Amino acid sequence: MKFFSYSYNSENIFVNFEFKELDVLKEDQTFKKCGYLGPKGTYSEIAAMKYFGENVFLIPLQSISDVFEMVQSKEVDFGVVPIENSVEGSVNITMDLLFEKTDIQVVGECIVPIKHFLLSYENLDLTEIKKLFSHQQAIGQCSKFIKNRLNNPEIIFTASTANACEIIKDVQKSAAIGSENIVNIYNLKVLAKDIQDSKSNSTRFFVIANSERFTKIEGTEKNYKTSIICSPKHNKPGVLYNMLKTFKEKNINLTRIESRPTKKQLGEYSFYIDFEGYKEDKDIITALVKLEKMSSFFKILGSYPKWKERE
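Position in the sequence shown (first residue = 1) + 2 = my numbering.
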């Protein structure tokens, strides 16, 4: 059974995509499985719940790598992984795995506002905190608060924000940075609210699936985004300009570009590019064919509807 159903007769393709997706789940009477970076209470879980609603069975996993492995082996139907944060930038492990896993496809995105809380099992004054646990990204997103309000605690990075909340149970004079919804899960005390440096802090998540599970979408849609990876054949002056010029020539709007080392040779990079449009739009096909000829490595990660909050 094909999980996604698409219609191009509606004025709003994304709404139709979403509701048809839910209808298919209800008719099938089975819940699809989605892996995410656990344990329960992480922002990845929040993203998965926002994207799928109640129509999916969520499976917490120990690492982002585990999410990719489970999707690749088809032990889960989907995975939800963070790709970039508005403050800390790209999530490198996700970018690297998208490069390495050739049979993984991006099928959706979800944007989650990030509101960090300072949490503990003890009623501590902020200056009493000796050890602070959280994911590296969360620590970075709260750096001003940590510097200005805490008394130079030891910083310990954890696999996830929820994992930090599990660890501090056995550590005296400790606190963790995590989401509001984790408070009741672990029966924590809130020492401070909204401690993130940027009040507009948000994280973008990709929904990934095994490429074999999806059929080709026929037609085009302006409310789609496409993500690709490419590496230039030659490292010479103007090479990136020439690659990006292919998008300018077809009036294709780029929404993100990021470089990552290929891990093969110093100074050799791959470029991750997001742009508006569907991969089989006529102008996009022309641009991508031209870009592929300039590339030693080229991969279309996927075309997917732009994120839109449910009404």
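Each residue gets a CB set at the ideal place from its N, CA and C atoms; glycine is no exception. None of the values given here were measured: they were computed from a predicted structure.
Reduced DSSP secondary structure (H/G/I, E/B, other) of residue i
i	result
K310	coil
T163	helix
S176	strand
V78	coil
E29	Here the model assigns E29 a pLDDT of 38, short of 50, so the residue's position is not dependable, and the following value carries that caveat. E29 falls in the helix class under three-state DSSP.
G142	helix
F19	With a pLDDT of 28 at F19, under the threshold of 50, the modelled position of that residue is not reliable, and the figure given next carries that caveat. The answer is helix: DSSP assigns F19 an H, G or I state.
K52	helix
T44	coil
K149	helix
E90	coil
L24	Reliability fails at L24, whose pLDDT of 33 lies under 50, so the model's placement of it is uncertain and the value that follows must be treated cautiously. Reduced to three states, the DSSP call for L24 is helix.
N14	Per-residue confidence for N14 stands at a pLDDT of 28, beneath the threshold of 50, marking its modelled position as unreliable; the derived number appears in the next sentence. Looking at N14 - three-state DSSP - the assignment turns out to be coil, as it is neither helix nor strand.
Boundaries of the beta strand (DSSP E) in which residue i is found, first to last residue
i	result
Y123	From DSSP, Y123 is part of no beta strand (DSSP E); its letter is neither H nor E.
N186	Premise fails: N186 lies in the alpha helix (DSSP H), I184 to Y188, not in any beta strand (DSSP E).
Q107	I106 to P115
K195	It is not in any beta strand (DSSP E) - K195 carries neither H nor E in the DSSP assignment.
Residue j beta carbon less than 8 Å from that of residue i
i	j	result
G81	G110	no
I379	T163	Since the first residue of the chain shown is 3 and the last is 313, residue 379 is not available in this structure.
L126	K175	yes
K235	S298	yes
A166	F135	yes
R258	D276	yes
I184	G43	yes
E287	G279	Per the sequence shown, residue 287 should be read as Ile rather than Glu. Not in contact: I287 and G279 (Cβ atoms no closer than 8 Å).
Q139	H118	no
L190	S122	yes
E156	K133	yes
T264	K292	no
E260	S92	yes
V58	G304	no
F147	I197	yes
L152	L128	yes
I231	Y274	yes
A49	V89	no
Q64	A194	no
S213	D105	yes
K52	D79	no
Boundaries (first-last residue) of the alpha helix (DSSP H) holding residue i
i	result
V73	I66 to Q74
S136	Per DSSP, S136 belongs to no alpha helix (DSSP H); it is in the beta strand (DSSP E), K133 to S136.
L246	V241 to E251
T96	N94 to E102
K235	Careful: K235 lies outside any alpha helix (DSSP H) and carries neither H nor E.
Residues bridged to residue i [DSSP beta-bridge criterion]
i	result
K171	For K171, which the question treats as bridged, DSSP gives no partner whatsoever.
G37	I61 and G81
S204	P115
T228	F277 and S305
N212	I106
E156	K133
4-residue-minimum alpha helix (DSSP H) runs that sit fully inside the stretch 255-307, ordered along the chain: Runs found: 284-295.
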